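To keep things clear, I will list the structure first and then write my remarks on it.
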């Protein structure tokens, strides 16, 4: 009974391990599906022709995932005095800030434009260089739509800065109202500023290693099951040997000798003569 109980425990462990591997494999499949969907969205939207913001997102509070990365045109005036900096934004291995500037439309509503990235100073509390001013007066900006980012529990920022691009937090620091479901990554503006923060790069169109990870988890489950079967068979064989039972001799396939072949040929030649 002790051996049966022991192998029952091993079997339970292998079953649980295999179920866990299956769930992790399924999770990787789901992440791969999300990555493929994002790649398809980039391919469809990133290089599309710009359309007016009010036409693509008429409701400032409603977000449609299908329009992510779509270029939109926004006409208005930058509110440079209400610029916000987004903290802890690494770029090519360096810490820095994203520069968010409200762009006020003629109807008074505001659309937040991410004008680019700036490297952090030595103290990491502010950019290393002064923030370039946006164009003054009327401007037409082309920006690619992005949804707001979630809040990060426990992370805060001083006035004038944001921990993430959570638009509710941004508008809480502004004396304005506007698009609370989306912001824009600046592509171009007319007239253009003399200098601007480092523009955002085109996102990578890569589904990632999720497929290989999903297959690896399935392989781990198969290895565990195979190992259990091998261990059970080996213990049974060792037990038979310990009890004095000889294991069955393996069948050996013997090849006919040259003499056997000659005898067979002679027999075949004699058969017609005997008839």
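In the working numbering, the protein residues as written are 12 to 286.
The beta-carbon is built from N, C-alpha and C at its ideal position, and this holds for glycine as well.
Treat the numbers as computed from the prediction; the structure is a model and nothing was measured.
Return helix, strand or coil for residue 194, following the three-state DSSP convention.
-> Here residue 194 refers to the residue found at position 183 when the chain shown is read from its first residue. Of the three classes helix, strand and coil, the one that applies to residue 194 here is strand, per DSSP.
Where residue 284 sits in the DSSP three-state scheme = Numbered from its first residue, the chain shown carries residue 284 at position 273. Per-residue confidence for residue 284 stands at a pLDDT of 49, beneath the threshold of 50, marking its modelled position as unreliable; the derived number appears in the next sentence. Helix.
Quick one: what's residue 155 bridged to in DSSP?
-> For the purposes of this step, residue 155 is identified with residue 144 of the chain shown, where counting begins at 1. According to DSSP, residue 155 bridges with 82 and 196.
Which one or two residues does DSSP pair with residue 22 in a beta bridge?
-> Stepping through the chain shown from its first residue, residue 22 is reached at position 11. According to DSSP, residue 22 bridges with nothing at all.
With C-beta atoms as the reference, is residue 138 less than 7 Å away from residue 123?
-> Mapped onto the chain shown, residue 138 falls at position 127. Mapped onto the chain shown, residue 123 falls at position 112. Contact annotation: residue 138 and residue 123 have beta-carbon atoms that are not nearer than 7 Å.
Leaving out five residues before and five after residue 162 in sequence, what residues of the same chain have Cβ atoms less than 8 Å from its Cβ?
-> Locating residue 162 in the chain shown gives position 151, counting from the first residue. So the qualifying residues of the chain are 174, 175, 177 and 180.
Looking only at its own chain, which residues have a Cβ that is under 6 Å from the Cβ of residue 91, when we skip the five neighbours before and after it?
-> Residue 91 sits at position 80 when you count from the first residue of the chain shown. Cβ neighbours of residue 91 beyond the five flanking positions: 144 and 145.
Starting from the Cα of residue 61, find the closest Cα among 152, 110 and 42 and give me that residue.
-> For the purposes of this step, residue 61 is taken as the residue at position 50 of the chain shown. Nearest of 152, 110 and 42 to residue 61, Cα basis: 152.
Would you list, in sequence order, the uninterrupted alpha helix (DSSP H) runs of no fewer than 4 residues that lie entirely inside the stretch 39-127?
-> 64-67
Alpha-carbon spacing of residue 168 relative to residue 184, whole angstroms = Taking the first residue of the chain shown as position 1, residue 168 is located at position 157. Taking the first residue of the chain shown as position 1, residue 184 is located at position 173. Using only the alpha carbons, I get a separation of about 11 Å.
Give the straight-line distance between the Cα atoms of residue 200 and residue 121, rounded to the nearest whole angstrom.
-> For the purposes of this step, residue 200 is taken as residue 189 along the chain shown, with counting starting at 1. For the purposes of this step, residue 121 is taken as residue 110 along the chain shown, with counting starting at 1. The alpha-carbon atoms of residue 200 and residue 121 are separated by roughly 16 Å.
Could you say which of 21, 37, 47 and 39 lies nearest to residue 216 if we only look at CA atoms?
-> Stepping through the chain shown from its first residue, residue 216 is reached at position 205. It is 47.
Around the C-beta of residue 22, are 16 or more other C-beta atoms found within 10 angstroms, so that it is buried, or is it exposed?
-> Looking up residue 22 in the chain shown gives position 11. Counting of Cβ neighbours within 10 angstroms places residue 22 among the exposed residues, the total staying below 16.
DSSP beta-bridge partners of residue 253 = For this step, residue 253 is matched to residue 242 along the chain shown. For residue 253, which the question treats as bridged, DSSP gives no partner whatsoever.
May I ask which residues mark the beginning and end of the alpha helix (DSSP H) holding residue 179?
-> Along the chain shown, read from residue 1 onward, the residue named residue 179 stands at position 168. Run containing residue 179: 178-184, per the alpha helix (DSSP H) assignment.
Are the beta-carbon atoms belonging to residue 148 and residue 129 less than 7 Å from one another?
-> To locate residue 148, count along the chain shown from 1; it is residue 137. To locate residue 129, count along the chain shown from 1; it is residue 118. No, the Cβ-Cβ distance between residue 148 and residue 129 is not below 7 Å.
Residues near residue 150 in its chain [Cβ-Cβ closer than 6 Å; skip 5 each side] = Within the chain shown, the letter at position 139 stands for residue 150. So the list reads 200, once near-sequence residues are dropped.
Which class does residue 136 belong to by DSSP, given the choice of helix, strand or coil?
-> Counting from one through the chain shown, the residue named residue 136 turns up at place 125. It is coil, neither helix nor strand.
Any 3 or more C-beta pairs closer than 8 Å across the stretch 191-210 and the stretch 64-72 = yes
Quick one: Cα of residue 111 to Cα of residue 94, how far?
-> Taking the first residue of the chain shown as 1, we reach residue 111 at position 100. Taking the first residue of the chain shown as 1, we reach residue 94 at position 83. Computed Cα separation, rounded: 6 Å.
From residue 127 to residue 239, what distance separates their C-alpha atoms?
-> By 1-based counting over the chain shown, the position of residue 127 is 116. By 1-based counting over the chain shown, the position of residue 239 is 228. In a straight line, the C-alpha of residue 127 is about 56 Å away from that of residue 239.
Classification of residue 134 by the beta-carbon crowding that lies within 10 angstroms, buried from 16 upward = Here the question's residue 134 lines up with position 123 in the chain shown. It is exposed - the Cβ of residue 134 has fewer than 16 other Cβ atoms within 10 Å.
Residue 56 and residue 18: beta carbons closer than 7 Å?
-> One-based indexing of the chain shown puts residue 56 at position 45. One-based indexing of the chain shown puts residue 18 at position 7. Taking 7 Å as the Cβ cut-off, residue 56 and residue 18 do not qualify as a contacting pair.
Exposed unless 16 or more other CB atoms sit within 10 angstroms - verdict on residue 87 | Within the chain shown, numbered from 1, the residue matching residue 87 stands at position 76. Burial call: buried.
Cβ-Cβ distance between residue 96 and residue 172 below 7 Å | For this step, residue 96 is matched to residue 85 along the chain shown. For this step, residue 172 is matched to residue 161 along the chain shown. Yes, they are a contact pair.
CB-CB under 6 Å to residue 211, same chain, minus the five flanking residues each way: which ones, in chain order?
-> Taking the chain shown and counting its residues from 1, the one referred to as residue 211 is at position 200. These residues qualify, in order along the chain: 196.
Output the distance between the C-alpha atoms of residue 131 and residue 105, rounded to the nearest integer angstrom.
-> Mapped onto the chain shown, residue 131 falls at position 120. Mapped onto the chain shown, residue 105 falls at position 94. One C-alpha to the other measures close to 8 Å.
Candidates 24, 16, 37 and 15, of which the one nearest residue 229 by Cα | Translated into positions along the chain shown, residue 229 becomes position 218. Here the closest residue by C-alpha is 37.
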